[in-house]
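Everything on this sheet refers to the single structure shown next.
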Amino acid sequence: MLSFIGNQFRKPRGFWGRIIFFSMKKNNRFAYNKIVQELEIKQNDRVLEIGFGPGIGINMICKNFNCSVTGIDFSELMFREAQLRNKRHIENHKLVLNFGDYLDFKFPVESFDKIFFINVIYFWNNIEKPFIKIKDELKQNGMLYIFMAHPTDLKKLKFTKDDIFNKYTIDYVCDKLKNLGFENIDYKFDNGYYIKCNK
Ligand SMILES: C[S@@+](CC[C@H](N)C(=O)[O-])C[C@H]1O[C@@H](n2cnc3c(N)ncnc32)[C@H](O)[C@@H]1O
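Heads up: the sequence shown at position 84 corresponds to 142 in this note's numbering, and the numbers run straight through without jumps.
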């Protein structure tokens with residue numbers, strides 16, 4: 059049962075996916091508020107969110123900034139919910155939502171100024187592949203912003219201690235970024251790690 063719930067966090071679907079949807083909507087607003095402020099979004103920036111879930115972050119960005127936003131998520135449930143929440147921005151061509159696995163999805167090289175993801179890193183068994191892909195898709199000096207929970211907290215919680223959640227340490231993630239050539243790697247902790255760097 060616990061791994062069933064853990065899997066729902068990875069790719070929400072059906073009845074339980076809806077329960078997860080409400081929990082994410084309520085609990086992750088704090089992280090989104092913080093990250094959206096810190097992305098330093100400028101006019102005409104192109105911003106990508108990987109694993110947008112209920113679509114709260116992209117909604118905040120579309121409402122508050124004059125930029126173009128793209129999202130990708132491989133949960134059909136989340137895709138539909140985010141489409142509903144952001145209907146106006148999609149119709150105004152400010153937002154494009156994609157349904158698919160980020161790891162297999164082709165975005166043009168050097169097409170984004172900012173790429174971010176919240177609570178998604180746990181579900182990647184190998185973080186090198188997505189980091190290389192992100193680096194390709196970021197423009198020169200573009201920014202990557204990641205939020206992830208502390209591995210100890212993941213180990214404590216009933217649903218997240220399952221092996222579906224890779225429990226990366228901050229040192230491991232920062233070393234990978236450094237080895238792949240990301241620059242200005244910086245992080246802070248506030249109920250989770252906020253990690254920021256540039257291409
Ligand atoms: C735990 S939820 C987090 C949702 C949202 N970022 C938040 O913090 O509220 C993880 C989300 O990432 C999506 N996801 C996970 N791996 C993905 C991948 N490889 N490609 C696209 N979406 C992915 C899931 O479908 C789910 O909506």
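Backbone N, C-alpha and C define an ideal beta-carbon position, used for all residues, glycine too.
(request) Any chance you could list the alpha helix (DSSP H) runs of at least 4 consecutive residues sitting entirely within the region 128-187, in chain order? (result) Within the region 128-187, the runs of alpha helix (DSSP H) that reach at least 4 residues and sit entirely inside it are, in chain order, 134-143, 145-149.
(request) Whole angstroms is fine: what's the gap from residue 194's alpha carbon to residue 106's? (result) Here residue 194 refers to the residue found at position 136 of the sequence shown. Here residue 106 refers to the residue found at position 48 of the sequence shown. A direct Cα-to-Cα measurement between residue 194 and residue 106 gives close to 13 Å.
(message) When you measure from the CB of residue 221 to every non-hydrogen atom of ligand 1, does any distance come out below 8 Å?
(response) In the sequence shown, residue 221 corresponds to position 163, counting from 1. No, ligand 1 has no heavy atom inside 8 Å of this Cβ.
(request) Write down every uninterrupted run of the beta strand (DSSP E) in the region 184-209 whose length is 3 residues or greater and which is fully enclosed by it, in chain order. (result) The qualifying runs are 196-206.
(request) Compute the distance between the beta-carbons of residue 89 and residue 176, then report whether it is under 9 Å. (result) Looking up residue 89 in the sequence shown gives position 31. Looking up residue 176 in the sequence shown gives position 118. Judged by beta-carbon spacing, residue 176 lies within the 9 Å limit of residue 89, meaning their Cβ atoms are closer than that value.
(request) Identify whether residue 68 lies in helix, strand or coil by the three-state DSSP scheme. (result) Residue numbering aside, residue 68 sits at position 10 when the sequence shown is read from its first letter. Helix, per DSSP.
(message) Am I right that residue 104 and residue 174 are in contact with their C-beta atoms under 8 Å? What's the rounded C-beta distance?
(response) Residue 104 sits at position 46 when you count from the first residue of the sequence shown. Residue 174 sits at position 116 when you count from the first residue of the sequence shown. Not confirmed; about 12 Å, so no contact.
(message) Please report the straight-line C-alpha distance between residue 76 and residue 217, rounded to a whole angstrom.
(response) Taking the first residue of the sequence shown as 1, we reach residue 76 at position 18. Taking the first residue of the sequence shown as 1, we reach residue 217 at position 159. Straight-line spacing of the CA atoms in residue 76 and residue 217 works out to 16 Å.
(request) Would you mind stating whether residue 160 and residue 119 have Cβ atoms separated by less than 9 Å? (result) Reading the sequence shown from its first residue, position 102 is the one you call residue 160. Reading the sequence shown from its first residue, position 61 is the one you call residue 119. Residue 160 is not a Cβ neighbour of residue 119, given a cutoff of 9 Å.
(request) Compute every distance between the C-beta of residue 178 and the non-hydrogen atoms of ligand 1, then say whether any falls below 8 Å. (result) Here residue 178 refers to the residue found at position 120 of the sequence shown. Set against 8 Å, the gap from the CB of residue 178 to the closest heavy atom of ligand 1 is smaller.
(request) Kindly indicate the opening and closing residues of the alpha helix (DSSP H) around residue 90. (result) Position 32 of the sequence shown holds residue 90. Unbroken alpha helix (DSSP H) run through residue 90: 87-96.
(message) Less than 9 Å between the beta carbons of residue 180 and residue 201, yes or no?
(response) Reading the sequence shown from its first residue, position 122 is the one you call residue 180. Reading the sequence shown from its first residue, position 143 is the one you call residue 201. Not in contact: residue 180 and residue 201 (Cβ atoms no closer than 9 Å).
(message) Taking only three categories from DSSP, how would you classify residue 234?
(response) The residue you call residue 234 lines up with position 176 of the sequence shown. In the three-state reduction of the DSSP assignment, residue 234 falls in the helix class.
(message) Rounding to the nearest angstrom, what Cα-Cα distance links residue 153 and residue 225 in this structure?
(response) As a working note, residue 153 is residue 95 in the sequence shown. As a working note, residue 225 is residue 167 in the sequence shown. Cα to Cα, residue 153 sits roughly 32 Å from residue 225.
(request) Would you mind sorting residue 111 into buried or exposed? The rule is 16 or more other CB atoms within 10 Å of its CB. (result) Position 53 of the sequence shown, counted from the first residue, corresponds to residue 111. The residue is buried, with at least 16 neighbouring Cβ atoms inside 10 Å.
(message) Let me confirm a value: residue 252 is counted as buried when at least 16 other C-beta atoms fall within 10 Å, else exposed. Which label applies?
(response) As a position in the sequence shown, residue 252 is number 194, starting the count at 1. By the neighbour-count rule (16 or more Cβ atoms within 10 Å), residue 252 is buried.
(request) For the region 180-190 and the region 141-157, state whether three or more C-beta atom pairs, one from each stretch, are separated by less than 8 Å. (result) Flag = no, the region 180-190 and the region 141-157 do not touch.
(request) Please go through the same chain and pick out, in chain order, the residues whose beta-carbon is closer than 6 Å to the beta-carbon of residue 156, but skip the five residues on each side of it. (result) Numbered from its first residue, the sequence shown carries residue 156 at position 98. 130, listed in sequence order.
(request) Could you tell me the boundaries of the beta strand (DSSP E) in which residue 108 lies? (result) The residue given as residue 108 occupies position 50 in the sequence shown. Unbroken beta strand (DSSP E) run through residue 108: 104-108.
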